[in-house]
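For reference, the structure is listed below as structure tokens.
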Amino acid sequence: MRRREARLQRFKNTNNVKRSPAPSPATPATPNPDVMDWDEYTIVGTSSQLEKQYLRLTSAPDPASVRPLPVLRKTLELIKQKWEKEHNYTYMCDQFKSMRQDLTVQRIQNDFTVHVYETHARIALEMGDLGEYNQCQTQLKDLYSKGIAGETMEFLAYRILYMLHTQNRSALNAIMAEIKGTHANDKAVQHALQVRSSLATSNYHRFFLLYKETPNMGNYLIHQFIERERIYALRTMCKAYRPSIDIEFIRKELAFETTQDLHKFLEKLKISGTLDDQNLDARNALPGLNDLAKQFAKVDINRSATV
Numbered sequence: 105m106r107r108r109e110a111r112l113q114r115f116k117n118t119n120n121v122k123r124s125p126a127p128s129p130a131t132p133a134t135p136n137p138d139v140m141d142w143d144e145y146t147i148v149g150t151s152s153q154l155e156k157q158y159l160r161l162t163s164a165p166d167p168a169s170v171r172p173l174p175v176l177r178k179t180l181e182l183i184k185q186k187w188e189k190e191h192n193y194t195y196m197c198d199q200f201k202s203m204r205q206d207l208t209v210q211r212i213q214n215d216f217t218v219h220v221y222e223t224h225a226r227i228a229l230e231m232g233d234l235g236e237y238n239q240c241q242t243q244l245k246d247l248y249s250k251g252i253a254g255e256t257m258e259f260l261a262y263r264i265l266y267m268l269h270t271q272n273r274s275a276l277n278a279i280m281a282e283i284k285g286t287h288a289n290d291k292a293v294q295h296a297l298q299v300r301s302s303l304a305t306s307n308y309h310r311f312f313l314l315y316k317e318t319p320n321m322g323n324y325l326i327h328q329f330i331e332r333e334r335i336y337a338l339r340t341m342c343k344a345y346r347p348s349i350d351i352e353f354i355r356k357e358l359a360f361e362t363t364q365d366l367h368k369f370l371e372k373l374k375i376s377g378t379l380d381d382q383n384l385d386a387r388n389a390l391p392g393l394n395d396l397a398k399q400f401a402k403v404d405i406n407r408s409a410t411v
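In terms of the working numbering, the sequence shown opens at residue 105 and continues consecutively.
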């Protein structure tokens with residue numbers, strides 16, 4: 105149910121996107137004969153083709169192959185319709201990347217640009233594609249900083265949750281320094297800050313209660329590190345409740361919907377042999393949980409670099 109509600113958020117505020125005009129050509133820069141400068145002039149596309157495969161640019165873009173803003177608006181509506189009907193992520197992602205490229209080479213930075221990146225980011229979250237999500241989030245941060253309107257608080261909350269996933273403390277501290285009083289009053293940001301606090305204080309009981317109440321599409325980010333936190337929490341429980349722990353108690357504390365889901369989790373961790381019908385042998389499960397917890401000590405620097 106929570107996931108279905110979250111998916112409904114991916115195309116939100118479509119009707120609120122204003123029809124901003126395309127940008128005027130920028131003042132030509134002095135050319136450098138030794139460097140290909142694709143930004144020497146702002147390109148105004150002339151293509152009327154709605155769908156276009158994404159290809160990495162290896163030369164100056166041809167206006168005839170670039171779609172202008174009115175065509176890109178139609179493209180976005182077509183892509184969203186196809187996504188709802190076909191749910192083909194490979195196709196959808198390719199089309200969004202080609203749209204983003206056309207916006208970039210024309211220097212179009214307005215509310216429509218923000219909407220494109222926000223929509224792509226939400227779908228990438230839904231599909232667990234953190235690489236594309238992170239690219240979109242990086243661009244959104246820049247667009248928001250220029251005063252272009254969008255779902256700023258929603259994506260600030262996602263940034264906090266993403267840094268909790270990557271365990272990038274320095275980046276998280278940088279985000280915290282940006283947050284003002286008005287930000288903290290937002291429901292999504294407030295929730296993300298509470299998640300941060302629960303992890304910082306090792307309050308797993310509070311963390312899993314917050315997990316059940318995550319607004320927007322934040323659950324897709326928390327899902328990226330929920331296994332890690334379940335391992336940490338179960339390890340703590342095994343230390344506190346030896347020699348055995350009631351299975352139903354574990355299920356509720358770790359926010360599993362069914363006992364079967366809990367059993368699958370324990371089987372995946374290869375500690376299901378410490379189970380009987382009603383209890384977990386905490387003493388025998390603890391060594392394996394300690395080993396599993398060590399696997400999360402390393403941080404993927406490449407994935408955590410974006411602030």
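Yeah, the Cβ is synthetic: ideal placement off N, Cα and C, and Gly gets one too.
(request) Starting from the C-beta of leucine 384, find all residues in its chain whose C-beta is less than 7 angstroms away, skip the five residues before and the five after it, and write them out in chain order. (result) The residues are Ser348, Ile349, Ile351, Ile354 and Thr378.
(message) I'd like to check one pair, leucine 161 with glutamine 205: are the Cβ atoms closer than 9 angstroms?
(response) By the CB criterion at 9 angstroms, glutamine 205 and leucine 161 fall inside the cutoff.
(request) List the endpoints of the continuous alpha helix (DSSP H) containing isoleucine 349. (result) Here isoleucine 349 belongs to no alpha helix (DSSP H); instead the beta strand (DSSP E) covers 348 to 350.
(message) Looking at threonine 345: is its Cβ nearer than 9 angstroms to the Cβ of tyrosine 308?
(response) Here residue 345 turns out to be tyrosine, not threonine, going by the sequence shown. No, the pair does not count as a contact, with Cβ atoms beyond the cut-off.
(request) Check the DSSP bridge columns for leucine 384 and list the partner residues they point to. (result) In the DSSP assignment, leucine 384 forms a beta bridge with Ile349 and Leu379.
(message) For proline 319, which residues in the same chain have their Cβ closer than 7 angstroms to its Cβ, ignoring the five residues on either side in sequence?
(response) Closer than 7 angstroms at Cβ, skipping near neighbours: Lys291, Ala292 and His295.
(request) Going by CA-CA distance only, name the one from Leu244, Arg171 and Pro391 that's closest to glutamine 210. (result) Answer by Cα proximity: Arg171.
(request) Report yes if the C-beta distance between valine 148 and proline 174 is below 9 angstroms; otherwise report no. (result) No. Outside cutoff.
(message) Among the candidates Gln243, Thr194 and Gly232, whose CA atom is the shortest distance from the CA of isoleucine 212?
(response) For the residues Gln243, Thr194 and Gly232, the minimum Cα distance to isoleucine 212 belongs to Gln243.
(request) Return helix, strand or coil for tyrosine 158, following the three-state DSSP convention. (result) In the three-state reduction of the DSSP assignment, tyrosine 158 falls in the coil class.
(message) Within 10 Å of its beta-carbon, does glutamate 188 have 16 or more other beta-carbons around it, so buried, or fewer, so exposed?
(response) With fewer than 16 other Cβ atoms within 10 Å, it is exposed.
(request) Whole angstroms is fine: what's the gap from lysine 343's alpha carbon to leucine 303's? (result) Those two C-alpha atoms are separated by around 18 angstroms.
(message) Quick check: the Cα distance between glycine 235 and tyrosine 262, rounded to an integer number of angstroms?
(response) The alpha-carbon atoms of glycine 235 and tyrosine 262 are separated by roughly 14 angstroms.
(request) Check each candidate in Ile283, Ala389 and Leu159 and name the one with the smallest Cα separation from cysteine 197. (result) Among Ile283, Ala389 and Leu159, the Cα nearest to that of cysteine 197 belongs to Leu159.
(request) Pick helix, strand or coil for leucine 358, following the three-state DSSP scheme. (result) Leucine 358 falls in the coil class under three-state DSSP.
(message) Closest to lysine 245 by C-alpha separation, out of Thr217, Asn272 and Ile227, would be which residue?
(response) If we check each option's Cα against that of lysine 245, Thr217 comes out closest.
(message) Suppose you measure from the CA of lysine 368 to the CA of arginine 332; what does that come to, to the nearest Å?
(response) Cα to Cα, lysine 368 sits roughly 15 angstroms from arginine 332.
(request) Confirm, please, whether the CB-CB distance from leucine 373 to glutamine 358 is below 9 angstroms. (result) In the sequence under discussion, the amino acid at residue 358 is leucine, which differs from the glutamine named in the question. No, they are not a contact pair.
(request) Could you tell me if asparagine 192 is buried or exposed, where buried requires 16 or more neighbouring beta carbons within 10 angstroms of its beta carbon? (result) It is exposed - the Cβ of asparagine 192 has fewer than 16 other Cβ atoms within 10 Å.
(message) Less than 9 angstroms between the C-beta atoms of leucine 325 and leucine 265, yes or no?
(response) The criterion of a C-beta distance shorter than 9 angstroms is satisfied by leucine 325 and leucine 265.
(message) Check for me: the alpha helix (DSSP H) holding threonine 270 runs from which residue to which?
(response) Unbroken alpha helix (DSSP H) run through threonine 270: 256 to 270.
(request) Please say whether histidine 287 and phenylalanine 329 have beta carbons closer to each other than 9 angstroms? (result) Contact: no.
(request) Report the rounded CA-to-CA distance for asparagine 277 versus methionine 267, giving the unit in angstroms. (result) Their Cα atoms are separated by approximately 10 angstroms.
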